[in-house]
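Report on one structure; see the data block that follows.
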Amino acid sequence: EQNEDNVLARMLDHKEAIISHLSWASLFLGFHTLGLYVHNDVMLAFGTPEKQILIEPIFAQWIQSAHGKTSYGFDVLLSSTNG
7 EQNEDNVLAR MLDHKEAIIS HLSWASLFLG FHTLGLYVHN DVMLAFGTPE
57 KQILIEPIFA QWIQSAHGKT SYGFDVLLSS TNG
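Numbered according to the numbering used here, the sequence shown spans residues 7 to 89.
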């Protein structure tokens with residue numbers, strides 16, 4: 007067959023493994039995100055907001071600035087333009 011060795015056919019042959027790995031990656035990221043939210047909520051409830059884990063979406067801001075959005079003060083090379 008002509009489609010025996012193309013990329014799509016090979017991906018379809020391994021679709022169960024691909025779906026399984028994506029499911030595990032989603033669970034991993036989801037539980038770690040939940041843990042971060044719980045940690046920050048507990049730190050706020052105990053009156054120590056300075057112990058919160060604050061994450062800046064640097065990668066997302068960089069991608070958006072590469073596509074023309076300039077409200078973050080970044081250029082494409084991530085050098086700050088405000089100061």
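Think of the CB as a built atom: it goes at the ideal place given N, C-alpha and C, for glycine as much as any other residue.
For residue i, the first and last residue of its enclosing alpha helix (DSSP H)
i     : result
Glu22 : 21-51
Gln70 : 64-72
Through-space distance from residue j to residue i, alpha-carbon basis
i     : j     : result
Ala15 : Glu22 : 13 angstroms
Leu50 : Gln70 : 31 angstroms
Ser29 : His20 : 14 angstroms
Asp11 : Ser26 : 23 angstroms
Leu60 : Lys75 : 23 angstroms
Gly53 : His45 : 12 angstroms
Pro55 : His73 : 35 angstroms
Under the three-state DSSP convention, the category residue i falls into
i     : result
Lys57 : helix
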